[in-house]
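Numbering (mature numbering (1 follows the signal peptide of the UniProt record, and there is no 0)), first residue to last: -24 to -1, 1 to 1126.
One structure is given below, encoded as structure tokens.
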């Protein structure tokens, strides 16, 4: 079967569609019985726990967020209107209060505290009422007459964006510091006026607000749809993302995360490749088993799971490991979206209850959307006593202070809230006495002093003596938390920088990290210089990011001194280099070049410094880098090629060319390594080095030239624009036996000159067989032109195309994301293709879904999905391994109804999943570039195109930006038989559900590399064997391989080397791990691996495992695999080594 047309290096397969007009007839499919008891019985609950129903409809409906008040009442933001109010419909969403007065674990009373709201997305009790996120506003609602219903509304803040109803402000949460934290998501742009100035946040992030002073700032920026945020016992923040894919995120104050506008560098999450999570709670208390205390509980609402993570220290940051689920089920309407600890020590879960959860991807009016039901589930530990519910409301201050000693985070948090509302005048004197009475021998002494410090902060008071004591605590966790407090109280502590200076040199990396970020809050040259002392201690990725961010934010304080020649950073060259490369300003070039020429740049900073000079420098600065690339073989071919390519981009994007003799590229054009040769050839063309034109002509004409080098030569001749170069290209086009060369030449001509487009029509008509790759490459160049589709459509009039050539051409047109219907129609006519693609009406859909359920085979479907012809994994990842063009699919079966899966395969452009809308950019040189927006800074826009390449576009060259649709073209399933389509849909519909197509908890190596057939690496493997390849990691030519959902790498997917037949055929695969904290690491290996290497060292997997003591950093794992017989898959997992302090994670991605 030939099914390449189904799955391409193209857009989002599960860019789910809006339904057809037959949506009202879809209701019979997959709607479960709404009885809560049926749902509860479907739960598979963790050993030692049980679940009871706390509340359900009609007591409540559609809970979005919930929070307890100090009295133990549960407040719920509820919306029956979501996702969109209907024309003429009255907004009547509510804030509800649930009460369990008799303490039996079931709510018996509901009070409607407020109604008439429009999609309230957050509620947090406090200050005599409740704060509510309501569309563009943060409200404070209060009951002044005691009837239980709000009668006073105060708009605290307004100006929040409303571009998307499930991205508006949400997830309200009081912090340890007495401030109100709340989130917004990617499509929201907020501009908030406060007494302290306008505050802005474009895109996702977390706000921090002190209501009594109206101080508002941004805590972190970025993330897609962050619907979970909580702090651990020591005040460290963690965040989940309901539309991201990195699991638990460690929230570092001021940091930028994925999707953050203007982000030059971001902080990654702790679990790349994870499903999306919603809600977050750090659980604690005597009711829970010891191993649960401190765990993070969150919700995979797509996969119908309540999940548990264990967080542990990893240098300055953390690692997070998923454990067995607290709850999992195949009940499709169980949608846990929030989780909280309760006053009794139980865990409470808000269940949105809906078979439909998609927002923009699914019709707002789909009849299967549930608008009335909702549940709150209560999870308790079997056989363990509940916590006596504390009486905090009305308690005297001394009792409230003693409640800060409780083992339960809920009790401590609520006691602090009551104390805050009592005010500093009443609380501060008693708090001072309470601190004096603390027993230094108490094992909790350091934490209790920290609780007191937070309480002072909450009542907006400062006690310098206590702050100084805790910042010198013997417990590093307390020191780190005290530094965080100081960062927000530095204006009240005159010697704040002196205090932070000691902590920058702290023995514990997280304390150093907190100090580095705290110094950014007190801008001065001295703060910057003190922060850079952190480089004198061991660094890791978290600390490196924190120090980079601080240096960048403080550049206005220290950079003028460097420019004036003063001895900055205490004369330490390493500190100065780090600061200069962090600044991101052309003003750093002169001092950087001086350091580079003096040999004061250490080897670990060479690459970054050189790249920075190329990105920012003028002709003379670029000449220095060209000299290095040309005369320093020790840099390695790959690094030298990267530098020359960067110099070429500087010429294209900034019109800056190195000064001096550019003919010195000549030796590089004859280098042994193809990537280096290609880079030099490209540069010669873009820089118009006429002396090298004959050499480029020779390379372009010779079909034996390596393809990469030849393509660069063709592009170089076009860039030179000389008659001689044009003559050479015409000679290539005249050679009918050189289709690959023709495609290179024609594509390059079209990119530069629209008059060449009609020649494409003649060339396509002359292709007598399926030349998929060459035809598609040329069509892509046509489609990059603004006028290209129209010119080619007209030129195809009256032409005839081979049917396969026409299909390949149509595929390229549809994949472009451009509205080019006239061109698509012209190609179809020329190729005599049948119009239209497979569609189902309501009856046909019902029949097909019955067939999927009855005879669809997920195993066969996975093979179709993974096939080289399909190339699905070129665009989509499963558990983080695969392409990034489309959304990850690990939970798609649990989140999408089968009929929507079918629709998304047949018509992917009707609706597009959030964060996967294409952007179409027109540039001033006549190009149209289409891709998924990755990031945008002040200088450039970066898109991910349909080939999963990041394309950087200088903003100065952008003429127009407009939204596009999906990068996945329609009609891609036309070559599948009905049975094959049923298999594929069955596989997709099983992804994420309980069973063999749910991603497990093992840390599986899922992304592999293997020598690509015909590559340099494959040639060495064939001639010399696997050890030779391992010893030469710089070899060119690697192709990706990915494990199955179950984690195995099928042996049949691995290309073989050696004899064409018989035993002894060996394949070689490579994967990677990142060691965050050094120490012994265990890697388990199973399957027909005949040899293994760790980095370049051969290892023996005794007993099926390799144990090695590894330093921090990136490491390669190599396996030689016997592929001569049909055997089970190769499987490789990262496991814990008993007694080891090492922290490591597998490397995923493309």
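C-beta atoms are modelled at their ideal positions from N, C-alpha and C, and glycine is treated no differently.
Please read all numbers here as calculations on a predicted model, not as lab measurements.
- The shortest C-alpha to C-alpha distance from residue 189 to any of 177, 172 and 203 is the one to 172.
- DSSP lists 178 as the bridge partner or partners of residue 165.
- Inter-residue distance for residue 551 and residue 239 is about 23 Å (C-alpha atoms, whole angstroms).
- Short of 7 Å from the beta carbon of residue 866, and not among the five residues preceding or following it, lie these beta carbons of its own chain, in chain order: 251, 854, 855, 967, 968 and 975.
- Taking the Cβ atoms as the reference, residue 785 lies roughly 11 Å from residue 741, outside the contact range of under 8 Å.
- In this structure, the straight-line span from the alpha carbon of residue 1077 to that of residue 1122 is close to 18 Å.
- DSSP places residue 1091 in the strand class (E or B) of the three-state scheme.
- The beta carbons of residue 734 and residue 788 sit no closer together than 8 Å.
- Bridge pairing for residue 109: 98 and 114 [DSSP].
- Between residue 210 and the set 53, 999, 487 and 281, the nearest pair of CA atoms involves 487.
- When secondary structure is reduced to three states using DSSP, residue 778 falls in the coil class, being assigned neither helix nor strand.
- Residue 326 is positioned such that its CB atom lies closer than 8 Å to that of residue 352.
- Nearest in C-alpha terms to residue 258, of all of 359, 287 and 245, is 287.
- With a contact defined as Cβ atoms closer than 8 Å, residue 559 and residue 528 qualify at about 6 Å.
- Within 10 angstroms of the beta-carbon of residue 718 lie 16 or more other beta-carbons, which makes it buried.
- DSSP, reduced to helix, strand and coil, places residue 225 within a strand of the structure shown.
- When secondary structure is reduced to three states using DSSP, residue 28 falls in the strand class.
- In the DSSP annotation of this structure, the continuous segment of the beta strand (DSSP E) that includes residue 132 starts and ends at 128 to 134.
- 922 is the residue among 922, 956, 270 and 492 whose C-alpha sits nearest the C-alpha of residue 790.
- Less than 8 Å divides the Cβ of residue 284 from the Cβ of residue 300.
- Using a Cβ distance threshold of 8 Å, residue 131 and residue 95 do not count as a contacting pair.
- In its chain, beyond the 5 residues on either side, 462, 466 and 498 have a beta carbon closer than 7 Å to the beta carbon of residue 472.
- Taking a 10 Å sphere around the C-beta of residue 838, we find 16 or more other C-beta atoms and assign the residue as buried.
- Per DSSP, residue 42 is one residue of the beta strand (DSSP E) stretching across 39 to 44.
- In the DSSP assignment, residue 254 forms a beta bridge with 275.
- Taking a C-beta distance under 8 Å as the contact criterion, residue 875 and residue 943 do not qualify as a contact pair.
- Between the alpha carbons of residue 452 and residue 536 lies a distance of about 36 Å.
- Exclusion of the five residues before and after residue 597 leaves 565, 569 and 589 as the residues of its chain whose Cβ lies within less than 7 Å of its Cβ.
- Separation of residue 135 and residue 542 (C-alpha to C-alpha, rounded to the nearest whole angstrom) is 45 Å.
- Residue nearest to residue 592 within the set 612, 614 and 633 is 633 (criterion: CA-CA distance).
- Under the three-state reduction of DSSP output, residue 210 falls in the coil class, being neither helix nor strand.
- The C-beta of residue 14 has fewer than 16 other C-beta atoms within 10 Å across all chains shown, which makes the residue exposed.
- 1060 is the residue among 1060, 133, 1032 and 1043 whose C-alpha sits nearest the C-alpha of residue 1023.
- A buried status is given to residue 456, since no fewer than 16 other beta-carbon atoms sit within 10 Å of its beta-carbon.
- In the DSSP assignment, residue 494 falls outside any beta strand (DSSP E) and within the unbroken alpha helix (DSSP H) covering 485 to 496.
- If you ignore the 5 residues before and after residue 396, its C-beta comes within less than 6 Å of the C-beta of 154, 434 and 435, all in its own chain and listed in chain order.
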